[in-house]
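**Student:** Numbering (the numbering used here), first residue to last: 1217 to 1365.
A virtual CB, placed ideally from N, CA and C, is assigned to each residue, including glycine.
Quick one: structure below, then a few questions.
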Amino acid sequence: MNMTSDTSYRNPLLTVDIIIEINNFIVLIERNNPPHGWALPGGFVDYGESLEATAIREAKEETCLDIDLIEQFHTYSTPNRDPRHHTVTTVFLARALGKPKAADDAKSIGLFTKDTLPDPIVFDHKRILDDFFRYKNGEPKLDIFKIYK
């Protein structure tokens, strides 16, 4: 099949999400656009942009924070993770100093702990946060081979 001439051929969209920690709190944004609810800061990778550069840019655009990327956490690719279209996200762990400020498509912003998470959390970000909090409690990162067996 010639992929370049087949107009029905589609690729998943590539995104990043960032778990930003400030003094043991997690930064979440309340989305101004559908789907409405709370989410990790993040967004779409621009053509010619690395995942890391996207994470730094999106964090700045949505939270007004300069972040330090700590590590790449996990990539989530379940086709229905975003109700708008098929996306694949790579999640980064980051730290920041200062007070976050809602900007770009963030309606508001907040600092949360595992026990104070807001509702609703959109996309698969609740699962991502659950995975993160387990990891912070000393459990190993996800084993993708166990997940998909």
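Per DSSP, what kind of secondary structure is D1340 in: helix, strand or coil?
**Tutor:** Coil.
**Student:** Run through DSSP, which three-state label would T1279 get?
**Tutor:** Helix.
**Student:** For L1313, is the classification buried or exposed, using 16 other Cβ atoms within 10 angstroms of its Cβ as the cut-off for buried?
**Tutor:** The residue is exposed, with fewer than 16 neighbouring Cβ atoms inside 10 Å.
**Student:** In or out: P1251 buried (at least 16 other Cβ within 10 Å) or exposed?
**Tutor:** So P1251 counts as exposed.
**Student:** When you compare only the Cα positions, how much space is there between R1297 and T1231?
**Tutor:** Rounded to whole angstroms, R1297 to T1231 spans 12 Å at the Cα level.
**Student:** Quick check: the segment 1316-1324 against the segment 1270-1278, are there 3 or more CB pairs under 8 Å?
**Tutor:** Touching, yes, given that three or more Cβ pairs across the two stretches are closer than 8 Å.
**Student:** With a 10 Å radius around its C-beta and 16 neighbouring C-beta atoms as the bar for buried, classify E1157 as buried or exposed.
**Tutor:** Since the first residue of the chain shown is 1217 and the last is 1365, residue 1157 is not available in this structure.
**Student:** Classify D1347 as buried or exposed, calling it buried when 16 or more other Cβ atoms lie within 10 Å of its own Cβ.
**Tutor:** By the 10 Å Cβ count, D1347 comes out buried.
**Student:** Looking only at its chain, what residues have a beta carbon closer than 8 Å to the beta carbon of R1311, apart from the 5 residues adjacent to it on each side?
**Tutor:** So the list reads I1236, E1237, I1238, I1283, D1284 and I1286, once near-sequence residues are dropped.
**Student:** Can the beta-carbon of V1304 be found closer than 7 Å to that of T1279?
**Tutor:** No, they are not a contact pair.
**Student:** Are the Cβ atoms of L1229 and H1290 separated by less than 7 Å?
**Tutor:** No, Cβ-Cβ distance for L1229 and H1290 is not below 7 Å.
**Student:** Which same chain residues, not among the five before or five after H1301, have their C-beta less than 7 Å away from its C-beta?
**Tutor:** Answer for H1301: L1229, listed in chain order.
**Student:** In the DSSP assignment, what residue or residues form a beta bridge with E1268?
**Tutor:** Per DSSP, none; premise fails for E1268.
**Student:** I'd like to know whether the C-beta atoms of V1338 and A1269 end up nearer to each other than 7 Å.
**Tutor:** No; because the gap between Cβ atoms is not below 7 Å, this pair is not in contact.
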